[in-house]
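The next block holds one structure in the form of structure tokens; read it before the comments.
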Amino acid sequence: MPFQQTQFGRLLFEAGWLPTGDELSVEQSDDLLPAILEVWQSCDPKTLSATSRSRATNVQLWLAEQISNGAQLTAVGTTADSKQHWLGSRLIWWPLGQPNGSQIGITSSRLGRRLDTQADWFTVFRAACSKINRDDDVLLTAVNTTPDRFVDRAAELFGVRVVSMRCSQKRESIVAWLKRIRKMVSTTRGSVFPAYLSPESTTGSVAAEHPDADLPTRDRAVVALADRLLVFHLRRNGHLDKLVRARLSNPNFPAGTVFIALGEGLVKRDLADDLLDQGAVGWVVLNTLRPKLSVAREGTHMKPAAIVKLPPNDKWEWLTHCTRAQADAWPDQERHEYIDELLLASAATDHSAFAALRRIIDNQRLVASSRMIRGDTRVVCFTAVPLSELPQLRSFRSHLARWDFEPYGICIRREWLESRDCLPVRYGDDSLWASLDLQDRPYFQVQTSTCRQSGRTIDWSVEREWRHVGDVELEELPANAGLVFVPTREEAEQLVTISRWPVTVLDG
């Protein structure tokens, strides 16, 4: 049954999409583009100026091109529809068209920085991608939500279709949004269908009356537009918790369409019980076996290294490189490779400090990084502090959300590193930095800085840092010039099977 888009007609006119601000008659949920083109085609050219005729021709050509490419412009619901009650009067621009099928929304509260510790979450994500009907279902997510950063690779790896909702810019008007849509470059066709959600057409729309109207639009859009909603992880009283409860209590949404993943790393029991009582459906993924980490090298018969005592501090002749847990891809790894490891449950997913050390031993290389280095030169960092004093340096850097000087790493003879141009850093201030030649700047480190949160002054010179520009190749490092260290005997026994250098246990 046709309905009148009076308000959208006026806005489309103001944005240059229509020649007049009259009502636009379309079928409910239909594409608006054919109706818009029809209005232009019905205009009498004789009534238009030369400039207006030229503009009309350009708009018609653009509309015809978009329609031929499958693009669509749709409206969100009607006044009585629960979707409009959640989102208000909005438009959605589909540059590649709207895929057929049920929309399966995937949502999750934020994960921690260490994605490699979220094995259960990725098991559920993998199950969702594997079990949906590829012909009749399409995954729905939104940019800047937790699942969003994984859906592009999931679409390729699992052959699923994905709708990626992109919300309007902050404080952008719908007229400005419509003008921006006109200027967009064509999108390459694939398994991911972008959907651009406009701002609300009026400030006083019904969405403003919704109790959760102040929550992020991206989350509201997924929860409201999904035919079925999968909840992977939830925090009590968080944004998603409020939205999921609101959907469960809304009679306009069909019963049994909200599924929550059960488990400690997913939706915890006490919260799950509340949601199940409200009508959510529990979802348990069985056989969530995690790959066991194999430490020994396959196909090698090297003699195990020795576990030795910690060298004494007197006449300390070593420089120490500590490893730390990596929250993302390794420095020499493409990010999509790391995402693949997470999605496919690879044993290489482990990015702990121990895994970083094992990787150094396997690859025979210390990979340089420019992070936190003034001038962005890639360097490998060492400390001249004796190994037994290392625990005194261990500290949590809240501004970086990481630990420094974790009890994992490798000591290398200072003489061997010096022969490869490893040098001590020069501690100072901006005046020292300005006076240094370009070749000396990679060895500069500011001496003191102030922590923004605590106001505490940090003296970096206690680290007694040395640096090597570029990667450090360890293939030629003799067995007596390297020393691997870990905090436990168990870890030491694992590493001696693959290490050319002796291993020591760092107590404390």
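Numbering (the working numbering), first residue to last: 65 to 572. Don't be surprised by glycine CBs; every beta carbon is placed ideally from N, CA and C.
Legend entry - Sequence-distant residues of its chain with Cβ nearer than 8 Å to Trp81 (five each side left out): Along the sequence shown, one-based indexing puts residue 81 at 17. Excluding positions up to five away in sequence, the list reads Ile100, Val123, Leu242, Arg246.
Inset, instruction - Measure the alpha-carbon distance for Arg198 versus Trp347 and round it to whole angstroms. - result: Taking the first residue of the sequence shown as 1, we reach residue 198 at position 134. Taking the first residue of the sequence shown as 1, we reach residue 347 at position 283. C-alpha separation (whole angstroms): 20 Å.
Inset, instruction - Over the uninterrupted beta strand (DSSP E) stretch that includes Phe549, give me the two end residues. - result: Sequence index remark: in the sequence shown, residue 549 carries index 485 (1-based). That run of the beta strand (DSSP E) goes 546–550.
Legend entry - Beta carbon proximity, Asn122 to chain D, threshold 8 Å: Among the chains in the structure shown there is no chain D, since it carries only a single protein chain.
Inset, instruction - With DSSP collapsed to three states, give me the class of Trp380. - result: Looking up residue 380 in the sequence shown gives position 316. If DSSP states are grouped into helix, strand and coil, Trp380 belongs with coil.
Legend entry - Helix, strand or coil at His400 [DSSP, three-state]: Position 336 of the sequence shown, counted from the first residue, corresponds to residue 400. In the structure shown, His400 sits in a helix (DSSP, three-state: H, G or I).
Legend entry - Cα-Cα separation between Tyr260 and Arg154, rounded to whole angstroms: Along the sequence shown, read from residue 1 onward, the residue named residue 260 stands at position 196. Along the sequence shown, read from residue 1 onward, the residue named residue 154 stands at position 90. Going from the Cα of Tyr260 to the Cα of Arg154 covers about 10 Å.
Inset, instruction - Would you mind working out which of Arg564, Asp493, Pro395, Arg309 sits nearest Asp341, comparing C-alpha positions? - result: By one-based count along the sequence shown, residue 341 stands at place 277. Selected option, being the one with the closest Cα: Arg309.
Legend entry - Ser232 versus Pro258: straight-line alpha-carbon distance, rounded: Residue numbering aside, residue 232 sits at position 168 when the sequence shown is read from its first letter. Residue numbering aside, residue 258 sits at position 194 when the sequence shown is read from its first letter. Between Ser232 and Pro258, the C-alpha separation is close to 13 Å.
Inset, instruction - Would you check if there are 3 or more beta carbon pairs closer than 8 Å linking the region 548–558 to the region 471–479? - result: yes
Inset, instruction - Answer yes or no: do Pro488 and Ser433 have a C-beta to C-beta separation smaller than 8 Å? - result: Locating residue 488 in the sequence shown gives position 424, where the first residue counts as 1. Locating residue 433 in the sequence shown gives position 369, where the first residue counts as 1. Cβ atoms of Pro488 and Ser433: not closer than 8 Å.
Legend entry - Buried or exposed (CB count within 10 angstroms, at least 16 for buried), Asp426: As a first step, residue 426 must be located in the sequence shown, where it is residue number 362. Here Asp426 is exposed: its Cβ has fewer than 16 other Cβ atoms, across all protein chains shown, within 10 Å.
Legend entry - Pairwise C-alpha distance: Leu330 and Ser116: Numbered from its first residue, the sequence shown carries residue 116 at position 52. Numbered from its first residue, the sequence shown carries residue 330 at position 266. Roughly 58 Å between the two C-alpha positions.
Inset, instruction - May I ask you to report which of helix, strand or coil DSSP gives Gln503? - result: Counting from one through the sequence shown, the residue named residue 503 turns up at place 439. Of the three classes helix, strand and coil, the one that applies to Gln503 here is helix, per DSSP.
Legend entry - Runs of alpha helix (DSSP H) wholly within the region 523–571 (minimum 4 residues, chain order): 553–559
Inset, instruction - Along the alpha helix (DSSP H) that carries Gln342, what are the first and last residues, could you check? - result: Here the question's residue 342 lines up with position 278 in the sequence shown. Neither: Gln342 is in no alpha helix (DSSP H) and is coded neither H nor E.
Inset, instruction - Give the DSSP-derived three-state secondary structure of Val140 in the structure shown. - result: Position 76 of the sequence shown, counted from the start, is the residue given in the question as residue 140. Note: Val140 maps to coil in three-state DSSP.
Legend entry - Given 8 Å, three or more beta-carbon pairs between the region 511–530 and the region 387–405: No: fewer than three Cβ pairs fall under 8 Å.
Legend entry - Contacting residues, own chain, Cβ-Cβ under 8 Å from Arg333 (five flanking each side not counted): As a first step, residue 333 must be located in the sequence shown, where it is residue number 269. Counting only Cβ-Cβ distances below 8 Å, and skipping sequence neighbours, we find Leu326.
Legend entry - Per-residue burial, Ala411 [other beta carbons within 10 Å of its own, 16 or more giving buried]: Numbered from its first residue, the sequence shown carries residue 411 at position 347. Per the 10 Å Cβ criterion, exposed.
Inset, instruction - Taking all protein chains shown into account, decide if Cys445 is buried (16 or more other Cβ within 10 angstroms of its Cβ) or exposed. - result: Walking along the sequence shown from the start, residue 445 turns up at place 381. Buried, by the Cβ-count rule.
Inset, instruction - Please state whether DSSP places Leu451 in a helix, a strand or coil. - result: For the purposes of this step, residue 451 is taken as residue 387 along the sequence shown, with counting starting at 1. DSSP places Leu451 in helix when its eight states are reduced to three.
Legend entry - Complete runs of the alpha helix (DSSP H) confined to the region 152–188 [at least 4 residues]: none
Inset, instruction - Determine the contact status of Val322 and Val349, defining contact as a CB-CB distance below 8 Å. - result: Your numbering for residue 322 matches position 258 in the sequence shown. Your numbering for residue 349 matches position 285 in the sequence shown. Not in contact: Val322 and Val349 (Cβ atoms no closer than 8 Å).
Legend entry - Residue from Phe317, Val224, Ser237 with nearest C-alpha to Gly254: Locating residue 254 in the sequence shown gives position 190, where the first residue counts as 1. Gly254 has its Cα closest to that of Val224, out of Phe317, Val224, Ser237.
Inset, instruction - Ignore the nearest five residues each way along the sequence and tell me which others in Gly169's own chain have a CB closer than 6 Å to its CB. - result: In the sequence shown, counting from the first residue as 1, residue 169 sits at position 105. If we look at Gly169 and ignore the five residues flanking it on each side, its Cβ neighbours are Leu204, Val286, Ala290, Leu293.
Inset, instruction - Have a look at the DSSP bridge pairing and note the partners of Ile474. - result: Here the question's residue 474 lines up with position 410 in the sequence shown. DSSP lists His385, Val548 as partners of Ile474.
Inset, instruction - Name the two residues that bound the continuous alpha helix (DSSP H) containing Val287. - result: Here residue 287 corresponds to residue number 223 of the sequence shown, with the count starting at 1. Run containing Val287: 281–289, per the alpha helix (DSSP H) assignment.
Inset, instruction - Count the other CB atoms, across all protein chains shown, that sit within 10 Å of the CB of Val140; report buried if there are 16 or more and exposed otherwise. - result: Counting from one through the sequence shown, the residue named residue 140 turns up at place 76. Label assigned to Val140: buried.
Inset, instruction - Following the continuous alpha helix (DSSP H) through Leu421, name the residue where it begins and the one where it ends. - result: Counting from 1 along the sequence shown, the entry for residue 421 is found at position 357. Counting along the chain, the alpha helix (DSSP H) containing Leu421 begins and ends at 417–427.
Legend entry - Contact under 8 Å by Cβ, Ile371 with Ala206: Stepping through the sequence shown from its first residue, residue 371 is reached at position 307. Stepping through the sequence shown from its first residue, residue 206 is reached at position 142. Result no, Cβ atoms of Ile371 and Ala206 do not sit closer than 8 Å.
Legend entry - Whether Leu591 touches Leu454 by CB criterion (8 Å): As displayed, the chain neither begins before 65 nor continues past 572, which places residue 591 out of reach and without an answer.
Legend entry - Chain-order list of residues whose beta-carbon lies under 8 Å from that of Glu381 (same chain, five-residue window excluded): As a first step, residue 381 is located in the sequence shown; it is residue number 317 there, counting from the start. Here the set comprises Arg477, Arg478, Glu479.
Inset, instruction - State the beta-bridge partners of Phe257 as determined by DSSP. - result: Looking up residue 257 in the sequence shown gives position 193. Phe257 is bridged to Val227.
Legend entry - Meets three-Cβ-pair contact criterion under 8 Å: the region 172–189 and the region 210–219: Verdict: yes, contact present.
Legend entry - Thr447 to Asp180 span [Cα, whole Å]: As a first step, residue 447 is located in the sequence shown; it is residue number 383 there, counting from the start. As a first step, residue 180 is located in the sequence shown; it is residue number 116 there, counting from the start. Cα-Cα distance, rounded: 28 Å.
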